Amino acid sequence: MIKLLGIFSFLSFGWQDVLDIIMVAVIIFLLIRSIRKDSTVLNIVLVLVFLLLAQAVVSALNMRLMKALLGALLDVGVLAIIIIFQPEIRHLLNRFALSSGLTRRTGEVFNRLLGIKEETLGSRSVEELAEAVRAMSAEKTGALIVLQHQSSLDEYEATGDRFSAQINRRLIMNIFFKNSPLHDGAMIIVGDRIAAARCQLPMTNRTDIPAHYGMRHRAAIGLSEDTDADVIVVSEETGKVSFVRNGEIRTVQDMKELRSLLSSVMEESK
Numbered sequence: 001m002i003k004l005l006g007i008f009s010f011l012s013f014g015w016q017d018v019l020d021i022i023m024v025a026v027i028i029f030l031l032i033r034s035i036r037k038d039s040t041v042l043n044i045v046l047v048l049v050f051l052l053l054a055q056a057v058v059s060a061l062n063m064r065l066m067k068a069l070l071g072a073l074l075d076v077g078v079l080a081i082i083i084i085f086q087p088e089i090r091h092l093l094n095r096f097a098l099s100s101g102l103t104r105r106t107g108e109v110f111n112r113l114l115g116i117k118e119e120t121l122g123s124r125s126v127e128e129l130a131e132a133v134r135a136m137s138a139e140k141t142g143a144l145i146v147l148q149h150q151s152s153l154d155e156y157e158a159t160g161d162r163f164s165a166q167i168n169r170r171l172i173m174n175i176f177f178k179n180s181p182l183h184d185g186a187m188i189i190v191g192d193r194i195a196a197a198r199c200q201l202p203m204t205n206r207t208d209i210p211a212h213y214g215m216r217h218r219a220a221i222g223l224s225e226d227t228d229a230d231v232i233v234v235s236e237e238t239g240k241v242s243f244v245r246n247g248e249i250r251t252v253q254d255m256k257e258l259r260s261l262l263s264s265v266m267e268e269s270k
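Under our numbering, residues 1 to 270 are what the sequence shown spells out, in order.
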């Protein structure tokens, strides 16, 4: 026992170590909170953590052969992981930024520095959007509507047809009408205007999503996992309305609740 304790006798402990431990703990907490529902990314992180801990142990025990082996594994393994799991790593970094609030805070700082006044969702647009969703829900017209916040959605806008139009219930209903050439895909709203339609969104990789949710719901969850956007989904099968934020989906019970949600989005964007 004394010999075992003697191995760690070289370690010193001061306020820097306390700060170091706290910072590492915060980073680990944010990582776990970001990836707890993504088994693929979680497995990647766990493997890396295991290898790093193993290397620290063999270094402390002066096991030169194992240290060299683990060092080689880490060098090759990290490069292989970056190449093979590039989409998952990108997803992890996006989730980390969203969980820590970096995306929204950075955008706010830059806008203030540059004197940019963001166009935000107005009360008239909230009413027009709510009425359009109510009508499409009653007619069981499928719809996928994205409300952009700080995260850029340019890459998703580029997959569809870009234009700039005032938010209008008739226009929204015409876009999602079944025979419309723009009804497939998502509509993206930026500020107080419709910016694009027929856009393709990333699908979530989660396996815990109930089977009754369709492709629109999976796309909505996927986008909200990678960005801070909110997404409204109208089911083509049931007419039910869902509101998706931060990878979490909730069923909207009535139009009063939808208006309340949209009003909160409007207030947050001010």
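Where a beta carbon is used, it is the ideal one built from N, C-alpha and C, also for glycine.
On a predicted model such as this, the values are computed, not experimentally measured, just so you know.
Asked	Found
Short Cβ contact (7 Å threshold) for Ala-229 with Leu-201	no
Check whether Leu-70 and Ala-80 have beta carbons under 7 Å apart	no
Continuous beta strand (DSSP E) stretch holding Ile-145: start and end	143 to 147
Asp-154: first and last residue of the uninterrupted alpha helix (DSSP H) it sits in	154 to 157
Alpha helix (DSSP H) runs wholly inside the segment 149 to 225, at least 4 long, in chain order	154 to 157 and 169 to 175
Span separating the alpha-carbon of Arg-245 from that of Leu-61	47 Å
Residue burial classification, Gln-166 (beta-carbon count within 10 angstroms, cutoff 16)	exposed
Touching by the beta-carbon criterion (3+ pairs, under 8 Å), the segment 159 to 177 and the segment 204 to 217	no
Terminal residues of the alpha helix (DSSP H) in which Ser-235 lies	Where Ser-235 is concerned, there is no enclosing alpha helix (DSSP H), given that its DSSP letter is neither H nor E.
Where Asp-254 sits in the DSSP three-state scheme	coil
CB of Leu-74 within 7 Å of CB of Leu-51, strictly	yes
Bounding residues of the alpha helix (DSSP H) (the contiguous stretch that carries Leu-129)	123 to 139
Cutoff 6 Å; reference Thr-227; Cβ partners in own chain excluding five residues on either side	Ser-151
Where Val-228 sits in the DSSP three-state scheme	In the sequence on display, residue 228 carries Asp and not Val. Note: Asp-228 maps to coil in three-state DSSP.
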